[in-house]
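Residue numbers for the sequence shown follow the UniProt record's numbering, so the first one is 1 and each next one is one higher.
Right, one structure below, let's go through it.
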Amino acid sequence: MEPKRGKQILATSGVSLDKRERRLLRRKLCRLLKKRHSVAPGTRRHIFARDGLKCFYCGKVGTPKGVTLDHIVPHSQGGSSHRNHLITAWLACNQSKGSLWLEEAVEQDLLNT
Ligand SMILES: [Zn+2]
1 MEPKRGKQIL ATSGVSLDKR ERRLLRRKLC RLLKKRHSVA PGTRRHIFAR
51 DGLKCFYCGK VGTPKGVTLD HIVPHSQGGS SHRNHLITAW LACNQSKGSL
101 WLEEAVEQDL LNT
């Protein structure tokens with residue numbers, strides 16, 4: 001089943017919102033999403049500098065555009081976005097780990113070590 005878009009959900013739920021209510025709802029959702037994914041200003045640069053742009057998983061040194069921030073405890077499982085809970089990782093390494101906890105990923109030998 002394909003994911004429903006906002007308008008479809010509203011249409012099938014029988015809820016009708018006027019233009020103003022839709023705008024308020026959209027603003028609330030944007031604020032909520034921003035909050036969930038927000039990392040404090042300067043955190044990215046601080047962590048890349050702390051880790052020397054070195055991927056935590058494979059040890060290769062990258063460029064600021066080639067590496068990502070990874071949550072030690074996956075964000076989807078309530079992991080914090082505080083700098084002490086984030087590490088530098090190549091996008092590929094980060095993706096191969098997915099939403100597993102670091103220990104689970106090591107146990108399942110999913111990292112390119
Ligand atoms: Zn890596």
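Cβ coordinates follow ideal geometry from the N, Cα and C atoms, glycine included.
No experiment lies behind these values; they were computed from the predicted model shown.
For residue i, name the three-state secondary structure that DSSP assigns.
{"i": "residue 87", "result": "strand"}
{"i": "residue 60", "result": "coil"}
{"i": "residue 18", "result": "coil"}
{"i": "residue 75", "result": "helix"}
One question on the structure: do residue i and residue j come within less than 8 Å of each other, judged by their Cβ atoms?
{"i": "residue 48", "j": "residue 89", "result": "no"}
{"i": "residue 29", "j": "residue 17", "result": "no"}
{"i": "residue 53", "j": "residue 62", "result": "yes"}
{"i": "residue 82", "j": "residue 72", "result": "no"}
Would you grab the beta carbon distance between residue i and residue j for me? Rounded to a whole angstrom, and I think it's under 8 Å.
{"i": "residue 68", "j": "residue 91", "result": "5 Å"}
Just checking: is the beta-carbon of residue i within a distance shorter than 8 Å of some beta-carbon in chain B?
{"i": "residue 98", "result": "In the displayed structure, chain B is absent; only one protein chain is listed."}
Self-check item: Beta carbon nearer than 5 Å to a non-hydrogen atom of ligand 1
Solution: Qualifying residues, in the order they occur: 55, 57, 58, 90, 93.
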